[in-house]
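Enquirer: Residue numbers (the numbering used here): 82 to 502.
What follows is a single structure, and I will ask about it in a moment.
Given below as structure tokens:
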């Protein structure tokens, strides 16, 4: 790689040993993938060192002790428990105490304690064309697609970019890797593509087809911010999609032709009601009328407006969560604080639900491997209903429970009834 004079000075240690070592890792990384130079990154979304993975927290503490410090705005991804409600949700004390130790390490590094999969909801909205580095698949695909910022899947190299402000120019930072590869023509009416669950099913269908390539959606309807977030999260779940284009709704292509940048689609697919129903059927292993003991909303983390919807639903329908059901509505800690200030959290909890921050079931003590480690009942729940394909896909494997995919209102109806409706 060709380094600038400033980069050479950093590599020589003029910004300290931690920055020199971090840049050396990035040089080796860039050389391995044939990158010619570095670019300056302006923002990082950092892995949160979850305590469900052995060694993660200790590694974060050891790295903070080196004196390393981030030099760009850096948010943090989700944890293994809600640090304020760990007892309430049944998290083992040793797991909580281990996880809590990472907070001091992050502060020492200069990492912001956001602990969320949706940092864009907290105002971290990099401009179109800017270079960033991120973990968390749903955030990555949102930043690349909806906002038009440029990031690869950062992994642990996010740490080194946050400390140096550099990343090799490669992958989805390059124009040639951002053109579309597959065209999806949407054949759905406005009432058939409306809810987050609808867009999630569309993403799950398309992601399974394209794998790690770049889908382009024609006639995507009138999606909301949360619809596009749900679409991207599902694309990155059934596949490993990092970028999609939906002309008129995403940042980089004003037309289908621009999305393909002079190339022809490798494949063209039509998507109708049948394809969305097939996804719902695939992810639903609970029979209608069968008992449900867990309902999860907020994958990716819910916004304040989505939390208000949940509270209003219980108020308008004069319902409560069934005594045999746990309802978790997952969000970030700043949004929960705002919801508490507005009285929304209190309304949801008065109806029998919990507003969870920092984490979600997939990343928590509920995992089969963690349950076995701490002698907890496995599985932690028997049947879970959610409005997210991402959650439904992962909990089946990681928690070992049955699943059902429904829209938000149907999830709340199920939570109140205690059975799948």
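Here a beta-carbon is modelled for each residue, glycine too, at the ideal position from N, C-alpha and C.
Just so we're clear, the structure is a prediction, and the values are computed from it rather than from any experiment.
Whole angstroms is fine: what's the gap from residue 416's alpha carbon to residue 164's?
Expert: Residue mapping note: residue 416 aligns to position 335 of the chain shown, counting from 1. Residue mapping note: residue 164 aligns to position 83 of the chain shown, counting from 1. Approximately 15 Å between the Cα atoms of the pair.
Enquirer: What is the rounded straight-line gap between the Cα of residue 228 and the Cα of residue 104?
Expert: Taking the chain shown and counting its residues from 1, one reaches residue 228 at position 147. Taking the chain shown and counting its residues from 1, one reaches residue 104 at position 23. The straight-line gap from Cα to Cα measures roughly 27 Å.
Enquirer: What did DSSP end up calling residue 82 once you bin it into helix, strand or coil?
Expert: What you label residue 82 is simply residue 1 of the chain shown in a count that begins at 1. Correct three-state label for residue 82: coil.
Enquirer: Would you call the CB atoms of residue 420 and residue 401 closer than 9 Å?
Expert: One-based indexing of the chain shown puts residue 420 at position 339. One-based indexing of the chain shown puts residue 401 at position 320. It is not a contact, given that the beta carbons lie outside the stated cut-off.
Enquirer: Does residue 354 pass the burial test, meaning 16 or more other C-beta atoms within 10 Å, or should it be called exposed?
Expert: In the chain shown, the residue the question calls residue 354 occupies position 273. That one is exposed.
Enquirer: Closest by CA to residue 85, which one among 120, 366, 276 and 216?
Expert: The count along the chain shown starts at 1 and reaches residue 85 at position 4. Nearest C-alpha to residue 85: 120.
Enquirer: Between residue 214 and residue 122, what straight-line distance do the alpha-carbon atoms span, to the nearest angstrom?
Expert: Looking up residue 214 in the chain shown gives position 133. Looking up residue 122 in the chain shown gives position 41. Near 7 Å, if we compare the C-alpha coordinates of residue 122 and residue 214.
Enquirer: Got a sec? Which residues, its chain only, sit under 6 Å from residue 499 by beta carbon, not counting five neighbours each side?
Expert: Start at 1 with the first residue of the chain shown, and residue 499 comes out as number 418. The answer, listed in chain order, is 403, 405 and 406.
Enquirer: Can you tell me the Cβ-Cβ gap for residue 466 and residue 373, rounded? I've got them flagged as a contact below 8 Å.
Expert: The count along the chain shown starts at 1 and reaches residue 466 at position 385. The count along the chain shown starts at 1 and reaches residue 373 at position 292. Going by Cβ atoms, the distance from residue 466 to residue 373 rounds to 5 Å, so yes, they are a contact pair.
Enquirer: When we look at the beta-carbon of residue 206 and count the other beta-carbons within 10 Å, is it buried (16 or more) or exposed?
Expert: As a working mapping, residue 206 is identified with position 125 in the chain shown. Exposed: under 16 other Cβ atoms inside 10 Å.
Enquirer: Using the Cα positions of residue 452 and residue 397, report the straight-line distance between them to the nearest angstrom.
Expert: As a first step, residue 452 must be located in the chain shown, where it is residue number 371. As a first step, residue 397 must be located in the chain shown, where it is residue number 316. Each residue's Cα considered, the two are about 38 Å apart.
Enquirer: Whole-angstrom Cβ separation of residue 132 and residue 216, contact assumed at under 8 Å?
Expert: Numbered from its first residue, the chain shown carries residue 132 at position 51. Numbered from its first residue, the chain shown carries residue 216 at position 135. In fact, because the Cβ distance is near 16 Å, the residues do not count as touching under 8 Å.
Enquirer: Measure the C-alpha to C-alpha separation of residue 370 and residue 491 and round it to an integer number of angstroms.
Expert: As a first step, residue 370 is located in the chain shown; it is residue number 289 there, counting from the start. As a first step, residue 491 is located in the chain shown; it is residue number 410 there, counting from the start. If I take the Cα positions, the gap works out to 13 Å.
Enquirer: Between residue 151 and residue 345, what straight-line distance do the alpha-carbon atoms span, to the nearest angstrom?
Expert: For the purposes of this step, residue 151 is taken as the residue at position 70 of the chain shown. For the purposes of this step, residue 345 is taken as the residue at position 264 of the chain shown. Their backbone Cα atoms lie some 42 Å apart in a straight line.
Enquirer: With distances taken Cα to Cα, identify the nearest neighbour of residue 176 among 464, 239, 496 and 447.
Expert: As a position in the chain shown, residue 176 is number 95, starting the count at 1. Among 464, 239, 496 and 447, the Cα nearest to that of residue 176 belongs to 447.
Enquirer: May I have a chain-ordered list of the beta strand (DSSP E) segments no shorter than 3 residues that lie completely inside the stretch 99 to 170?
Expert: Segments of the beta strand (DSSP E) lying fully in the stretch 99 to 170: 119 to 121, 125 to 127 and 155 to 157.
Enquirer: Could you give the distance in angstroms between the alpha-carbon of residue 246 and the alpha-carbon of residue 460?
Expert: Within the chain shown, residue 246 is the residue found at index 165, counting from 1. Within the chain shown, residue 460 is the residue found at index 379, counting from 1. Approximately 43 Å, taken between the alpha carbons.
Enquirer: So residue 332 is in the alpha helix (DSSP H); what residue range does that whole segment cover?
Expert: The residue given as residue 332 occupies position 251 in the chain shown. Unbroken run through residue 332: none, as it is neither H nor E.
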